[in-house]
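The structure under discussion appears below in the form of structure tokens.
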Amino acid sequence: MEQELKQYLSPVWTHVTEAMIVRGEGVYLYDREGKRYLDFTSGIGVTNTGHCHPRVVEAIRRQAGELIFGQMNIVMHPPVFELIGELRQVVPAELDRFFFGNSGAEAVEGAVKLAKHATGRPNVIVFQGSFHGRTHLTMAMTTSKTVYRTRYQPLVSGIFVSPYPYPYYYGWDEATTREFAIRELKRLLKSQSAPDETACIVIEPVLGEGGYVVPPPGFLQELRELCDHYGILLVADEIQSGFGRTGRYFAVDHEAVVPDIMTLAKGIASGVPLSCIAYRQALGERWLTGSHGGTFGGNPLACAAGAASVRVIREEKLAENAAARGRQLLEGLRKLQGRFPQIGEVRGRGLMVATEFSRKGEPDEHTTKAVSQGAAEAGLLLLTCGTFGNVVRWIPPLVVREEQIDEALGVFARVLAGL
Ligand SMILES: Cc1ncc(COP(=O)(O)O)c(C=O)c1O
Numbered sequence: 003m004e005q006e007l008k009q010y011l012s013p014v015w016t017h018v019t020e021a022m023i024v025r026g027e028g029v030y031l032y033d034r035e036g037k038r039y040l041d042f043t044s045g046i047g048v049t050n051t052g053h054c055h056p057r058v059v060e061a062i063r064r065q066a067g068e069l070i071f072g073q074m075n076i077v078m079h080p081p082v083f084e085l086i087g088e089l090r091q092v093v094p095a096e097l098d099r100f101f102f103g104n105s106g107a108e109a110v111e112g113a114v115k116l117a118k119h120a121t122g123r124p125n126v127i128v129f130q131g132s133f134h135g136r137t138h139l140t141m142a143m144t145t146s147k148t149v150y151r152t153r154y155q156p157l158v159s160g161i162f163v164s165p166y167p168y169p170y171y172y173g174w175d176e177a178t179t180r181e182f183a184i185r186e187l188k189r190l191l192k193s194q195s196a197p198d199e200t201a202c203i204v205i206e207p208v209l210g211e212g213g214y215v216v217p218p219p220g221f222l223q224e225l226r227e228l229c230d231h232y233g234i235l236l237v238a239d240e241i242q243s244g245f246g247r248t249g250r251y252f253a254v255d256h257e258a259v260v261p262d263i264m265t266l267a268k269g270i271a272s273g274v275p276l277s278c279i280a281y282r283q284a285l286g287e288r289w290l291t292g293s294h295g296g297t298f299g300g301n302p303l304a305c306a307a308g309a310a311s312v313r314v315i316r317e318e319k320l321a322e323n324a325a326a327r328g329r330q331l332l333e334g335l336r337k338l339q340g341r342f343p344q345i346g347e348v349r350g351r352g353l354m355v356a357t358e359f360s361r362k363g364e365p366d367e368h369t370t371k372a373v374s375q376g377a378a379e380a381g382l383l384l385l386t387c388g389t390f391g392n393v394v395r396w397i398p399p400l401v402v403r404e405e406q407i408d409e410a411l412g413v414f415a416r417v418l419a420g421l
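When we follow my numbering, the leftmost residue of the sequence shown carries the number 3, and every step to the right adds one.
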């Protein structure tokens, strides 16, 4: 039946595999024939607690039996406060106001709207390679690949792009790349968007879709200082890097940088659509009541899933596991890099890890595609990323165990050896 109905599915979606998945458990997905897939995509960084974590399933079941929907403009309900209580334990304490939406793009839209109200300034600065979503505003803020913008242009104005400090791409060491990125940002503030016209600088504290790039040490702190100097708000888009993914609750925690606004989604509710804007109370005083909202944001079912997910991440120490398993993964991939010279760089933080493929100093999209396809056929789901499509990203659920990392490394090595 599905085969016949497939023709009606919008072809605008891409698919890593056309496997018909009927069940998920931990790091595994199962198709109808019972074939097992090791899911090292986490549904693009969503199932941090693993597929169908029993405590998340139980919270959803319980909430569905009590109250599926209570609209936030009309009523209040306990799950939204349960979620805020959980978030207060992991989000930097300075960010003490929470707004909820449904998708990452929606959170980024809301964050920019808040920054405009709070500063009275019109412009936004983003970084080269960024991915912030697919709505019209967030598409304008997204520079990871032209496919996200092609034939949608012209886009929203007032968005300016500065280089992301990406040492491997530039071929420089970390300090040189950091200095370059800061210098270019200062130039942009002098040449294109004056500080008093710049509401916010939005950054992925580990670049996601653009190539899984960890910025050089000190870069985020310098950015914080620059923002403070000019009264520009710093927005950390932690939609992909958040909720334990990098080995801490949030990627900004590695540098002890507290942004003014943080956008959260993906891992927050283990797959139930939910996003969040966390921000400083002082900003909210200038956010006109009623000027932002949405029908489904903060609904009880999503909040119950969110509260359970954040609790599981905290109580089951999934960020700690991400740090340990991430070290194992990096070490294993670096060993493979010695055997397979196509792997130009192995990098990452926690379980946000990348292998970038190069050939004669040029991005090697061909090998990257072949590896991800070969791995999927062998039962290991891996996503690619990067502007040139030459990066494999490793992003398993944070419940992944040592032997499962070894299993994935084994599949990857066999696929590479067979190319
Ligand atoms: C850093 C980042 N921001 C925003 C988004 C957009 O989130 P969504 O697809 O939920 O709209 C994504 C999605 O991949 C992302 O990685």
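Every residue, glycine too, gets a C-beta built ideally from N, C-alpha and C.
Spatially closest choice to residue i from the options, by CA coordinates
i      : options                        : result
Ile46  : His55, Lys37, His17            : His17
Phe42  : Leu421, Val393, Leu382         : Leu382
Glu199 : Gly212, Arg123, Thr145         : Arg123
Gln223 : Arg327, Ser195, Glu257         : Glu257
Gln65  : Val274, Pro261, Val114         : Val274
His368 : Cys387, Asn392, Glu358, Ala380 : Asn392
Gly292 : Ile315, Pro13, Gly112, Leu89   : Gly112
Ala238 : Ile203, Pro343, Val355         : Ile203
Lys115 : Leu285, Glu84, Gly328, Lys268  : Leu285
Leu353 : Gln194, Gln330, Lys362, Phe414 : Gln330
Ala321 : Phe245, Pro343, Gln339         : Phe245
Phe390 : Glu211, Ala324, Cys229         : Glu211
Ser164 : Tyr150, Val260, Arg316, Gln194 : Gln194
Val312 : Trp289, Lys268, Thr297         : Lys268
Ala117 : Pro81, Glu68, Gly350, Leu290   : Leu290
Cys54  : Ile62, Ala61, Lys147, Glu27    : Glu27
Ala410 : Leu191, Val92, Trp396          : Trp396
Val77  : Phe298, Arg25, Val158, Gly420  : Phe298
Glu379 : Glu4, Thr19, Ser12             : Thr19
Ile345 : Phe162, Val259, Ala419, Gly328 : Ala419
Leu85  : Thr357, Val254, Leu276         : Leu276
Leu187 : Gly135, Tyr232, Pro156         : Tyr232
Gly249 : Gly388, Leu400, Leu236         : Leu400
Gly177 : Val216, Pro197, Asp366, Phe71  : The sequence as given places Ala at residue 177; Gly does not occur at that position. Closest option to Ala177, Cα to Cα, is Val216.
Leu236 : Tyr214, Pro218, Val259, Gly220 : Val259
Asp262 : Ala253, Arg151, Gln375, Ile234 : Ile234
Ser159 : Thr144, Pro169, Tyr170         : Thr144
Ala2   : Arg90, Lys362, Val394, Gly36   : This structure cannot speak to residue 2, because the chain is shown only from 3 to 421.
Leu303 : Gln73, Pro13, Val14, Pro343    : Gln73
Tyr171 : Leu421, Pro365, Lys319         : Pro365
As assigned by DSSP and simplified to three states, the class of residue i
i      : result
Cys278 : strand
Pro124 : coil
Glu364 : strand
Ala238 : strand
His53  : strand
Gly26  : strand
Met141 : helix
Tyr214 : coil
Asp33  : strand
Val158 : coil
Thr178 : helix
Thr386 : strand
Asp41  : strand
Phe298 : coil
Ser105 : coil
Phe414 : helix
Phe100 : strand
Phe252 : coil
Ser195 : coil
Ile263 : strand
Glu405 : helix
Thr357 : strand
Thr152 : coil
Integer-rounded CB distance, given that residue j should sit under 8 Å from residue i
i      : j      : result
Val314 : Val59  : In fact, because the Cβ distance is near 11 Å, the residues do not count as touching under 8 Å.
Pro81  : Ala306 : 4 Å
Ala201 : Val128 : That belief does not hold up - the Cβ atoms of Ala201 and Val128 are roughly 12 Å apart, past 8 Å.
Val402 : Val373 : The pair is not a contact, with the Cβ atoms about 19 Å apart (cut-off 8 Å).
Gln406 : Val29  : 6 Å
Arg351 : Gly328 : 7 Å
Asn50  : Ser272 : 7 Å
Tyr32  : Ile23  : 7 Å
Cys278 : Phe102 : 5 Å
Glu88  : Ala309 : 5 Å
Asp175 : Pro167 : Actually they do not touch by this definition, with Cβ atoms about 11 Å apart.
Leu190 : Phe162 : 6 Å
Glu240 : Ser132 : 13 Å between Cβ atoms; not a contact.
Gly363 : Gly213 : Going by Cβ atoms, the distance from Gly363 to Gly213 rounds to 16 Å, so no, they are not a contact pair.
(request) Inspect the CB distances between the region 140 to 157 and the region 104 to 116 and report whether three or more fall short of 8 Å. (result) yes
(request) Under 6 Å from any heavy atom of ligand 1, by CB: list those residues in chain order, please. (result) Ile46, Ser105, Gly106, Ala107, Val110, Phe133, His134, Gly135, Glu206, Gly210, Glu211, Asp239, Ile241, Gln242, Ala267
(message) When you compare the region 327 to 347 with the region 92 to 104, are there three or more beta-carbon pairs, one atom per stretch, that lie closer than 8 Å?
(response) no
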